[in-house]
Every structure is written in C-alpha cells, then in structure tokens.
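Novice: The structure's right below; bear with me while I get my questions together.
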Amino acid sequence: MIEIDFSKKLTPWEIVQVARHPGRPAITDYVQGMCEEFVELHGDRAFGDDRALIGGFATIGGERVMLIGHRKGKSVEENIHANFGMANPEGYRKALRLMKLAEKYGIPVLSLVDTPGAYPGLDAEARGQAEAIARNLTEMAALRTPFVVVITGEGGSGGALGIAVGDVVLMMQYAVYSVISPEGCASILWRDGKKAPEAAEALKITSESLKKLGVIDEIIVEPDGAAHSDPGLAINAVKKAVLKHLKALKKVDTDTLLQKRYDKYAAMGR
Amino acid sequence: MGWFTNPAAKTASTPTEAIWAICPACKAYVPQAEWNNDLRVCPRCDYHDRLTCRQRVAQICDSGSFSEINATVSVRDPLKFADASGAYADKAQAAVKKTGEGEAILTGTALIDGIPVVIGVMDFRFLGGSLASGTGERILLAAEAALQQRRPLILFSASGGARMHEGIISLMQMAKTCAAISRLQQARIPYLSVLTDPTTGGVSASYAMVGDINIAEPKALIGFAGRRVIEQTIKQQLPDDFQTAEYLLEHGFVDHIVHRGAMKSFLAQVLRYASHR
Numbered sequence: 153m154i155e156i157d158f159s160k161k162l163t164p165w166e167i168v169q170v171a172r173h174p175g176r177p178a179i180t181d182y183v184q185g186m187c188e189e190f191v192e193l194h195g196d197r198a199f200g201d202d203r204a205l206i207g208g209f210a211t212i213g214g215e216r217v218m219l220i221g222h223r224k225g226k227s228v229e230e231n232i233h234a235n236f237g238m239a240n241p242e243g244y245r246k247a248l249r250l251m252k253l254a255e256k257y258g259i260p261v262l263s264l265v266d267t268p269g270a271y272p273g274l275d276a277e278a279r280g281q282a283e284a285i286a287r288n289l290t291e292m293a294a295l296r297t298p299f300v301v302v303i304t305g306e307g308g309s310g311g312a313l314g315i316a317v318g319d320v321v322l323m324m325q326y327a328v329y330s331v332i333s334p335e336g337c338a339s340i341l342w343r344d345g346k347k348a349p350e351a352a353e354a355l356k357i358t359s360e361s362l363k364k365l366g367v368i369d370e371i372i373v374e375p376d377g378a379a380h381s382d383p384g385l386a387i388n389a390v391k392k393a394v395l396k397h398l399k400a401l402k403k404v405d406t407d408t409l410l411q412k413r414y415d416k417y418a419a420m421g422r
Numbered sequence: 091m092g093w094f095t096n097p098a099a100k101t102a103s104t105p106t107e108a109i110w111a112i113c114p115a116c117k118a119y120v121p122q123a124e125w126n127n128d129l130r131v132c133p134r135c136d137y138h139d140r141l142t143c144r145q146r147v148a149q150i151c152d153s154g155s156f157s158e159i160n161a162t163v164s165v166r167d168p169l170k171f172a173d174a175s176g177a178y179a180d181k182a183q184a185a186v187k188k189t190g191e192g193e194a195i196l197t198g199t200a201l202i203d204g205i206p207v208v209i210g211v212m213d214f215r216f217l218g219g220s221l222a223s224g225t226g227e228r229i230l231l232a233a234e235a236a237l238q239q240r241r242p243l244i245l246f247s248a249s250g251g252a253r254m255h256e257g258i259i260s261l262m263q264m265a266k267t268c269a270a271i272s273r274l275q276q277a278r279i280p281y282l283s284v285l286t287d288p289t290t291g292g293v294s295a296s297y298a299m300v301g302d303i304n305i306a307e308p309k310a311l312i313g314f315a316g317r318r319v320i321e322q323t324i325k326q327q328l329p330d331d332f333q334t335a336e337y338l339l340e341h342g343f344v345d346h347i348v349h350r351g352a353m354k355s356f357l358a359q360v361l362r363y364a365s366h367r
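Protein chains in written order, with the numbering used here: chain A, 153 to 422; chain B, 91 to 367.
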C-alpha cells in the first residue's frame, strides 16, 4: 500500500490504490447503510449461486428497487467465499434473471459495480463466461425498466460492464473503470508490469477523465480522505445521488427511456 | 498430390515463399497456387489459415455483389494514447497503410446465393482485429442498415478483443454493438455470427457470442480470458483442446463447426430458413 496524501491532487495510480482499499465500503455495507430492507434472491436456475455477485429486492429511501452488485469481502475468509468479487457465468446469469424480474414487476434496477474483472477460470470458460456477459449486454440494452449504475470501486472491464449498461452511470470520485487493469496493460504494451502507474495515466480510468469522455454521467464526491475514512458519509452520498436519478427516471415513459439508452451507447466514441 | 509430405522431397528442392506456402500448423510445404485455390486451408492437416477481409468477402459473397458501406468511418484516438513504443495514432496509420482498410472490420451489402445480406468481416491484420470506436461504429451502422433494409446481418469475427489504446471507449463498444444486435432481435431480423481464428476477449463477450446461430471454423481459438491468465489464476494445466471451436461446440456455445469450403453454402442454407418471412 502506498502512502497517499489527500491534500494534493491524486495521481491515477494513487486513485487505483484507493479504489482497491480494503476498508472501502462493499455491497454489504451499502445494503446495511442505505437500504431499509433487503431480500436476497439466490441462484441462476441453471447451475448454482454465485457468491461474487449478489442481488435481491431492496427498499432505499422508500423506493423499491432490484439491487444487484459485485461482492468483495471484508476479510480474507469473506473474500475467498466471495471469490474476491470476480463473478462466474452463473453470477451474470443470476443478475440477468433478477433484471428480467425487475422488468416484470416494474421496479428499477440499481447496479453497484466493484470487481477486478470476470473470473478467468477453466470452469468459467467451460460454462460460457463470454456468452453470459454478451447476453447481459444485449438484454440490458432493451430492459424495459429504469437502470441506474454506480461504479463504487473497481470497474474491471467486461466483468464490470456485464451488469453496467444503464440509463444513468454514476461513479464515485475515487473509483476506477477500465478496459484492462493498469498492471495488465503495462505488461502487454510496456512489456513491464511495473509500468502500471504510466498505464493508469494513459488509460484515463479516473472519474474525472471518464466524465470528460462522456462515459459516466455524474461523479459522486467522496468525504475528505476518501470513502474508507468515513464510510457512512460516502454511503449517504451514494444514496442521495441514486434517489435523485431513480425519481427522475421513473417519470420518463419506457419507449423514450429505451431510445435514450440506445442513443447514449450509440454515441460512445463518436 | 501427396508427395510434398515426404520429408525427402523437401530437402530435394529449395522452396521459396513465392512458390511455396508453409502451413503454420503442420509446416507442410504446399504450392502457393494450391494454397490459395484451397481457400488457404492446408490440404494435409486441414488448418484454416487467417484470411484478409477481402479474401473472405470473395469466398462468401456472390461474385461482384459486395458493395462497401461505412468506408468513411475511420480510426479515432479518443485518449490521445501513447505507450513505451510510441503514439497510437502512428500505429493506427501504419495499420491502415499495411492493410489498405480503414478499420479492423469491413462492412457492406452483398448477395449470398442470391440472398441480400449486410455483412461485416473482421481483419486480424489490423491491430489484431481489435474492437475500438471505429470498429464499433461500423458494426452499429451495419446493424442499422440491416434493420432499415430488412436484410439479415452476418458478422465474421477475428479478434484479440477490445483495443487497449482506446481504453474505456473500446469497452463501451461492447455495449454499443450489443445494443444494435438487440434491436435486430426485437425486429426479428436474422443475425448470424461466424467465429474464426481467433475470437477472444471483448469480442467473444459481445456481438460474436449472441448470434441467432453461432458458427465456427474448425480449430478456431475462441474464448474469454487468455490461456496464460487462466493458468496463472488456477495453477493447473488446461486441456489441449481448451478454447477451440470443438470445445465450444461440446460445451454448447456454437451451433455448428463448418469447414471453410462449405461455409458459403451453409450460410445460404440457414438463410433460406431465417429469411423466410
């Protein structure tokens, strides 16, 4: 862990460290800190129940939502149980099942993103990691209910995007969102994993850069010293931002919502 | 014509690249003319060599029927990216010069056995067939053309995945292209995906894997995570056929493995069902 001086502007590589900080609020903290109620729903109805990606009915400030999100543990034991927030295909398929249920019941989806990436394992490949993510991307584009995404920690590539195609994409100030980890990019393009700080800079993975690029809609400001220094305050800031957008999206008629969602993603990179 | 498989015959001649093709898989010497006439498939081991997008179009589309669309959509550099070996903008221009193509996918309208289609063919020579903003835009516009003209869409993938040099914008192309595919589904426009060697990473995890029908070429490498990454993560040996077309077929993710020589007729056969309405 590198020492971080919050009185200065953080470098992208420092922000990566903050985004991965073990004390950063995890989905279990958000459930506890911003939901009046949470009814967890398990299983993909085909293979199993992924502990790295959880979801269920939740009530937040009186608003009923389908909450889904990656789960990072707070201890080594929890992290092993939750596979460090790296989901398998059954996790993405469970998430899709819950999204479709939200659509059926007419409740919005709230997706909290915090993962190093989709799990790169033999079994994950055998069960179709690529197909599971691809299916979700295709279905989320057409899901007939409001969809709010918050990148809360690490937005790790396809594993993050697999639950993150929404009408509004919010991002916490010290979260990161990238096509590849800085270490991975450095080892390929710089041929040296130690050049990760350079790669982090070049990849433009901070909330500030992503807002400029039009990839995210709004930055949720974190407390002084980042979310881990005052989790309660950080969770409240997320709750406030989420409620504002949920209320606004619920007023938009569904056809308009879907057209805007399509236009939003069609414009990416233009 | 089996004599060239005889090692003695190899030493008897001094093959040059102009006359001989060397199979990348089994190292057999094959006369260049035969290699090309055989669709760049090795007559000895059946290895399917990578094709340029124009070679593929020539094999699949009715003669003279292909008409390129989206040619003006070219490479962009949204991050102004540079790494240790230089600026992305320069590498992209070098790829354009090398291939004569504007991006890693060639799109157009064409006929396949007389059936009108919109077709997109990726070219691995162009920065590893990587998916980036220009690639995604061409795919989205091709899908929109298919929707407007009510023609089936066929995409041939050949890609290492998302292009790192465009960072998050490349990742967003996965969502963008899938949004376009989703519209075809809703409008009941057929979409056939053909996975060729290699189809990995962000391309396998987006449009390539959600065809109405997924078709693969024999022995093509198809997968999400890289073999080395998986081996480092799980610390165990992977099966030899791991992430091959045959492995994907066995696990239920492709409908059919089709030999290159039969690809056009197979596509036409399926399209006669898909375009029936």
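Idealized CB from N, CA, C, for every residue including glycine.
Owing to the predicted nature of the structure, the values given are computational and were not obtained by experimental measurement.
#1: Measure the CB-CB distance between K356 of chain A and P164 of chain A and report whether it falls below 9 Å.
#2: Report back the beta-carbon spacing between V120 of chain B and A108 of chain B to the nearest angstrom; my notes put them in contact at under 8 Å.
#3: Please return the same chain residues whose Cβ sits closer than 7 Å to the Cβ of D202 of chain A, not counting the five positions on each side in sequence.
#4: Leaving out five residues before and five after A222 of chain B in sequence, what residues of the same chain have Cβ atoms less than 6 Å from its Cβ?
#5: If I follow the unbroken alpha helix (DSSP H) through I229 of chain B, where does it start and stop?
#6: Going by CA-CA distance only, name the one from A:V302, A:F209 and A:E370 that's closest to Y257 of chain A.
#7: Residues in its own chain within less than 6 Å of G301 of chain B by CB, not counting five upstream and five downstream?
#8: Could you run through the region 272-286 of chain A and flag, in chain order, every residue whose CB is less than 7 Å away from some CB of chain B?
#9: Assuming G205 of chain A is part of the beta strand (DSSP E), what are its boundary residues?
#10: Can you list the residues of chain A that H341 of chain B reaches, using a CB-CB cut of under 9 Å?
#11: Would a C-beta distance cut-off of 9 Å place I205 of chain B and G198 of chain B closer than the cut-off?
#12: By the 8 Å beta-carbon criterion, what residues does the region 212-246 of chain A contribute toward chain B?
#13: In the DSSP assignment, the alpha helix (DSSP H) including V293 of chain B goes from what residue to what residue?
#14: Pull up the CB-CB distance for L289 of chain A and L250 of chain A, whole angstroms please, since I reckon it's below 8 Å.
#15: Verify whether the separation of the beta carbon atoms of V165 of chain B and G224 of chain B is less than 9 Å.
#16: So, for G207 of chain A: in the same chain, excluding its five sequence neighbours on each side, which residues have a beta-carbon less than 8 Å away from its beta-carbon?
#17: Determine, using beta carbons only, whether M212 of chain B comes closer than 9 Å to chain A.
#18: I'd like to know if H138 of chain B contacts chain A, where contact means its C-beta is closer than 9 Å to some C-beta of that chain.
#19: Hey, is L237 of chain B's beta-carbon within less than 9 Å of any beta-carbon in chain A?
#20: Taking only beta-carbon atoms, is K252 of chain A less than 9 Å away from chain B?
#21: Of all the residues that make up the region 289-305 of chain A, which are near chain B by a beta-carbon distance shorter than 9 Å?
#22: Of the residues A:I179, A:M186, A:R279 and A:A198, which one's Cα is nearest the Cα of G225 of chain A?
#23: Answer yes or no: does any C-beta atom of chain A fall closer than 9 Å to that of V300 of chain B?
#24: DSSP three-state label for S304 of chain B, please.
#25: Rounding to the nearest angstrom, what Cα-Cα distance links K364 of chain A and T358 of chain A in this structure?
#26: Over the uninterrupted beta strand (DSSP E) stretch that includes G198 of chain B, give me the two end residues.
#27: Report, in whole angstroms, the separation of the C-beta atoms of D139 of chain B and P114 of chain B, which I expect to be a contact under 8 Å.
#28: Under 9 Å, do E321 of chain B and R350 of chain B count as touching if we go by C-beta distance?
#29: Enumerate, from N- to C-terminal direction, the unbroken alpha helix (DSSP H) stretches of 4 or more residues contained entirely within the region 294-350 of chain A.
#30: Tell me, to the nearest whole angstrom, how far the beta carbon of A338 of chain A is from that of G307 of chain A; I am working on the premise that it is less than 8 Å.
#31: Can you list the residues of chain A that V208 of chain B reaches, using a CB-CB cut of under 8 Å?
#32: DSSP three-state label for V217 of chain A, please.
#33: Between G219 of chain B and chain A, is any beta-carbon pair separated by less than 9 Å?
#34: In the DSSP output, what is M212 of chain B paired with across the bridge?
#35: May I ask you to report which of helix, strand or coil DSSP gives S272 of chain B?
#36: For V131 of chain B, I'd like the list of residues in its chain whose CB is within less than 6 Å of its CB, leaving aside the five on either flank, ordered along the chain.
Specialist: To lay it out plainly:
#1: yes
#2: Contact doesn't hold; Cβ gap of about 13 Å is too wide.
#3: A239, N240, E242, G243 and K246
#4: R253, E256 and S260
#5: S223 to Q239
#6: A:F209
#7: Y281, L282 and S283
#8: P272, G273, L274, E277, A278, G280, Q281, A282, E283, I285 and A286
#9: Looking at the sequence provided, one finds Leu at residue 205 of chain A rather than Gly. L205 to I212 is the span of the beta strand (DSSP E), which, as asked, contains L205 of chain A.
#10: E277, A278, R279 and G280
#11: no
#12: none
#13: G291 to S294
#14: Rounded, the Cβ-Cβ distance is 16 Å, inconsistent with contact.
#15: yes
#16: E192, L193, M218, L219, I220, G221, K246, A247 and L250
#17: no
#18: no
#19: no
#20: no
#21: L289, T290, E291, M292, A293 and A294
#22: A:I179
#23: yes
#24: The amino acid at residue 304 of chain B is misidentified as Ser; the sequence shows Asn. Reduced to three states, the DSSP call for N304 of chain B is strand.
#25: 10 Å
#26: I195 to I202
#27: 7 Å
#28: no
#29: 309-313 and 334-341
#30: That pair is no contact at about 18 Å.
#31: None at all; the shortest Cβ gap to chain A is about 17 Å.
#32: strand
#33: no
#34: B:I195
#35: helix
#36: H138 and R350
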